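Just add 162 to the spot in the first sequence (first one is 1) and you have the working numbering.
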Amino acid sequence: MKTLLDLITIEMKAAFRAAGYGEELAKVTLSNRPDLCEYQCNGAMAGAKAYRKAPFMIAEDVVSHLADSGCFESAEAVKPGFINLKLSPAYAAEYLNEMAADSKMGVEAEREPRTIMIDYGGPNVAKPLHVGHLRSAIIGESVKRIARFKGNKVIGDIHLGDWGYQMGLIITELRKRKPELPYFDEQFDGEYPEEAPFTIGELEEIYPTASAYAKEHEDYREEALHATYLLQNGHRGYRAVWNHIMNVSVTDLKKNYEKLNVEFDLWKGEADAQKYIPDMVQRLKEEGYAHYDNGALVVDVQEESDNKEVPPCMILKSDGAALYDTTDLATLVQREQDYHPDEVIYVVDKRQELHFIQVFRCAKKTGIVGEDTKLTFLGFGTMNGKDGKPFKTREGGVMRLENLIREIDEEMYKKIMDNRTVEEAEAKRTAEIVGLAAIKYGDLSNQASKDYIFDVDRFTSFEGNTGPYILYTIVRIKSILNKYQENGGSLEGLKILPAESVYEKALMLQVLKFNDVIDTVYEETAPHKICAYIYELANEFNKFYHETKILSEEDEKKKSGYIALLSLAKRVLETCIDLLGFEAPERM
RNA sequence: GCGUCUGUAGCUCAGUGGAUAGAGCGAUGCCCUCCGGAGGCAUGUGCGGCGGUUCGACUCCGCUCAGACGCUCCA
163 MKTLLDLITI EMKAAFRAAG YGEELAKVTL SNRPDLCEYQ CNGAMAGAKA
213 YRKAPFMIAE DVVSHLADSG CFESAEAVKP GFINLKLSPA YAAEYLNEMA
263 ADSKMGVEAE REPRTIMIDY GGPNVAKPLH VGHLRSAIIG ESVKRIARFK
313 GNKVIGDIHL GDWGYQMGLI ITELRKRKPE LPYFDEQFDG EYPEEAPFTI
363 GELEEIYPTA SAYAKEHEDY REEALHATYL LQNGHRGYRA VWNHIMNVSV
413 TDLKKNYEKL NVEFDLWKGE ADAQKYIPDM VQRLKEEGYA HYDNGALVVD
463 VQEESDNKEV PPCMILKSDG AALYDTTDLA TLVQREQDYH PDEVIYVVDK
513 RQELHFIQVF RCAKKTGIVG EDTKLTFLGF GTMNGKDGKP FKTREGGVMR
563 LENLIREIDE EMYKKIMDNR TVEEAEAKRT AEIVGLAAIK YGDLSNQASK
613 DYIFDVDRFT SFEGNTGPYI LYTIVRIKSI LNKYQENGGS LEGLKILPAE
663 SVYEKALMLQ VLKFNDVIDT VYEETAPHKI CAYIYELANE FNKFYHETKI
713 LSEEDEKKKS GYIALLSLAK RVLETCIDLL GFEAPERM
């Protein structure tokens with residue numbers, strides 16, 4: 163289905179053409195003067211110079227050539243040259259009914275669906291998730307859902323940090339604590355135990371202990387580095403320990419991401435990319451892309467248009483070890499081979515931008531990906547506390563994600579128990595649903611690239627531009643629809659009727675925007691615009707609700723028209739929050 | 001030092017080159033208290049600064065001030 167803006171623009175194009183002007187002037191936008199009109203076209207002013215005519219005259223001319231298509235209730239030329247448009251209520255109702263009949267409510271799938279990989283999450287195994295991982299997960303999940311809703315083949319890859327020094331540290335610490343384990347017996351050639359020699363709780367304690375100890379003790383540090391080296395070169399026992407670490411950690415991660423309503427299609431990690439490194443490095447050398455600089459193997463990625471120095475992409479350290487440029491490139495090799503994506507989107511901290519510029523340039527220059535493969539860096543800003551500084555616990559440490567979630571859930575639970583008399587178990591479940599919405603909406607309602615202030619009190623509030631307010635509105639609509647059905651009404655086959663009140667029309671106009679909004683959000687990768695949209699939609703519903711008797715409306719036809727409109731509004735709202743990555747409870 | 005990003009109301013944030021720059025929170029006053037009051041209406045303050053491009057600039061460009069961040073062998 164074409165978006166309403168497209169339809170109106172088509173009407174205007176015809177009018178511009180009929181009046182003898184170029185149709186490129188006919189772009190229609192939403193009005194920014196809702197008191198005057200609903201849609202506007204500014205083309206007459208833009209064309210004034212080319213046609214050497216007063217903008218107002220052009221506007222009048224165009225308006226007089228507007229075909230009587232039934233689309234507009236009114237169209238008028240206004241000084242200095244605006245064309246102000248109001249949609250016909252009947253036309254709007256018809257459009258809404260078409261929307262309601264469509265499974266995607268008017269959103270068109272991409273004509274040529276693309277394969278898009280989204281690299282997000284990026285947790286390190288054996289380390290607990292902390293608030294730093296929250297944004298990547300939330301934003302990436304939403305971007306994934308949006309791209310998928312538009313009909314693309316979208317693959318979410320968690321890209322685990324599962325390789326390197328941290329693993330050596332854990333192995334070393336484990337060896338120190340339990341030297342009797344078979345993994346450390348060089349003579350052992352039997353089957354290693356299936357059960358891991360540690361729990362997730364122990365694992366999460368081992369890493370920070372080892373890390374701190376290594377900073378103080380040089381020999382321990384070297385042992386860990388050596389263990390890392392042995393692991394990476396196929397040491398059988400260490401590899402078995404690594405597998406245990408992976409299993410225990412991934413199981414735990416899955417549990418945590420599930421709680422966040424975040425789901426990855428791939429659980430690949432840095433380790434998976436390692437086997438692509440040797441061939442890749444060799445090719446880069448043979449084909450002359452890489453050269454040695456101060457002992458390190460690098461690929462130059464400086465471009466003439468740069469107004470600053472862009473350091474080369476480093477492939478191998480002077481000691482021959484790979485590093486993160488290498489791993490990210492090898493991961494692209496793997497992705498290209500397995501999925502041949504049209505686009506790869508990296509949802510990572512914006513501070514890593516330079517690194518990704520280097521990797522992207524290197525990948526293109528060396529043919530790791532094709533010229534037309536789009537590599538997108540979607541950098542997000544820092545989550546700050548109320549003081550404007552990076553979010554910390556009261557003690558000043560790093561806040562664990564599960565603690566943050568628990569804190570929010572408890573806050574929600576209190577509010578729900580205060581306001582309603584619901585069973586404790588239900589209140590708890592509801593608190594989790596609403597709490598997640600509070601966190602995600604609080605994050606996603608900000609532009610991803612900006613730093614933002616994580617304010618628990620504000621995000622968990624039921625008033626204002628918050629997740630709970632959106633959910634409240636949805637629950638309210640659900641409640642009305644349920645009551646309508648309890649009284650014998652059916653939601654099937656209802657038709658939305660032309661609006662009679664300004665509130666009804668305003669609500670309709672807001673619902674109408676859905677596919678336009680989704681297209682914009684998709685093109686700009688801007689989930690925050692969904693938030694802005696549903697917030698306004700919720701407001702329009704609440705105003706309409708306040709001014710209109712719905713269930714007590716005596717005219718049955720009118721009442722069913724209202725119900726049809728509310729059903730559609732509910733579907734739009736629910737679809738939008740699903741794209742944001744959360745859901746609404748039945749009651750709250 | 002070089003570079004990138006950010007600067008909008010007391011606070012937190014929106015804002016597509018177009019008309020009178022918007023919300024929420026906070027403050028004040030009101031409405032309804034009926035389908036869920038976790039509502040609705042109203043009142044006040046603002047685009048860091050200086051130039052430029054344009055018929056028109058919060059939006060584009062330059063300079064400047066302030067803050068955050070990043071600048072080959074950690075990720």
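Ideal Cβ positions, reconstructed from N, Cα and C, are used throughout, including at glycine.
None of these values were measured; they are calculated from a predicted model.
Problem - Same chain only: Cβ atoms within 8 Å of V190, ignoring 5 sequence neighbours per side - result: L167, I170, T171, M174, Y201, Q202, C203 and L247
Handout entry: Terminal residues of the alpha helix (DSSP H) in which S641 lies
Key = G629 to E648
Problem - Cβ-based burial, V664 [other Cβ within 10 Å; buried from 16] - result: exposed
Problem - Residue range of the alpha helix (DSSP H) that includes D580 - result: L563 to N581
Practice task
Using alpha carbons as the reference points, say which of T528, I439 and Y438 lies closest to G450.
Solution key: T528
Practice task
Out of T628, D223 and E685, state which residue places its alpha-carbon closest to the alpha-carbon of N701.
Solution key: T628
Problem - Stretch pair the region 497-514 + the region 523-541: three plus CB contacts closer than 8 Å - result: yes
Handout entry: Span of the alpha helix (DSSP H), counted from its first residue to its last, around I278
Key = Per DSSP, I278 belongs to no alpha helix (DSSP H); it is in the beta strand (DSSP E), T277 to D281.
Exercise for the section: Could you tell me whether any non-hydrogen atom of the ligand MN is closer than 7 Å to the CB of I477? Expected result: With respect to small molecules bound, the structure shown includes none, and the ligand MN cannot be examined in it.
Problem - Alpha-carbon to alpha-carbon, Y684 and Q609 - result: 14 Å
Exercise for the section: Taking 8 Å as the threshold, find out whether the region 650-663 comes into contact with the region 178-193 through three or more Cβ pairs. Expected result: no
Handout entry: Neighbourhood of G547 by C-beta distance below 6 Å, restricted to the same chain and skipping five residues each side
Key = F553
Practice task
Kindly indicate which three-state DSSP category Q202 falls into: helix, strand or coil?
Solution key: strand
Exercise for the section: Taking all protein chains shown into account, decide if R273 is buried (16 or more other Cβ within 10 angstroms of its Cβ) or exposed. Expected result: exposed
Practice task
Please report the Cβ distance between A746 and V637, rounded to the nearest whole angstrom; I am assuming they are in contact, meaning their Cβ atoms lie under 8 Å.
Solution key: 6 Å
Exercise for the section: Over the uninterrupted alpha helix (DSSP H) stretch that includes M115, give me the two end residues. Expected result: Outside the shown range of the chain (163 to 750) lies residue 115, about which nothing can therefore be said.
Problem - Proximal residues to I530 (C-beta, below 8 Å), its chain only, five neighbours per side dropped - result: M442, L491, L494, V495, E498 and C524
Handout entry: Of the listed residues I220, S298, V412 and L428, nearest to E238 (C-alpha basis)
Key = I220
Practice task
Indicate the three-state DSSP secondary structure (helix, strand or coil) for I368 in the structure shown.
Solution key: helix
Exercise for the section: Report yes if the CB atom of L566 is closer than 8 Å to the CB atom of A599, and no otherwise. Expected result: no
Handout entry: Which of helix, strand or coil DSSP assigns to P359
Key = coil
Handout entry: Under 8 Å between C-beta atoms of E572 and N418
Key = no
Practice task
Would you kindly work out how many angstroms separate the C-alpha atoms of G604 and I595, rounded to a whole number?
Solution key: 14 Å
Exercise for the section: Pick helix, strand or coil for Y257, following the three-state DSSP scheme. Expected result: helix
Problem - Same chain only: Cβ atoms within 6 Å of Q520, ignoring 5 sequence neighbours per side - result: V463 and C475
Practice task
Provide the residue span of the alpha helix (DSSP H) that contains T191, from first to last.
Solution key: Not the alpha helix (DSSP H): T191 falls in the beta strand (DSSP E), residues V190 to L192.
Handout entry: Simplified DSSP state of S236, which is helix, strand or coil
Key = strand
Practice task
With distances taken Cα to Cα, identify the nearest neighbour of Y282 among V269, P290, D264 and V305.
Solution key: V305
Problem - Nearest-angstrom beta carbon gap, P630 and I301 [assumed within contact, 8 Å] - result: With 8 Å as the limit, I301 and P630 do not qualify as a contact, their Cβ atoms being about 20 Å apart.
Practice task
Give me the Cβ distance between G284 and S265, rounded to the nearest whole Å; I'm assuming they're in contact under 8 Å.
Solution key: Rounded, the Cβ-Cβ distance is 34 Å, inconsistent with contact.
Exercise for the section: Apply the 10 Å Cβ neighbour rule to Y438 and answer buried if 16 or more other Cβ atoms are within range, or exposed otherwise. Expected result: buried
Problem - Distance between E222 and E120 (C-alpha atoms, nearest Å) - result: Here the chain comprises residues numbered 163 to 750, so residue 120 is not present and cannot be evaluated.
Handout entry: the region 422-434 in contact with the region 337-348 per 3-pair CB rule at 8 Å
Key = no
Problem - L730 to G326 span [Cα, whole Å] - result: 51 Å
Practice task
Can you give me the start and stop residues for the alpha helix (DSSP H) that N395 sits inside?
Solution key: Counting along the chain, N395 falls outside any alpha helix (DSSP H), and DSSP gives it neither H nor E.
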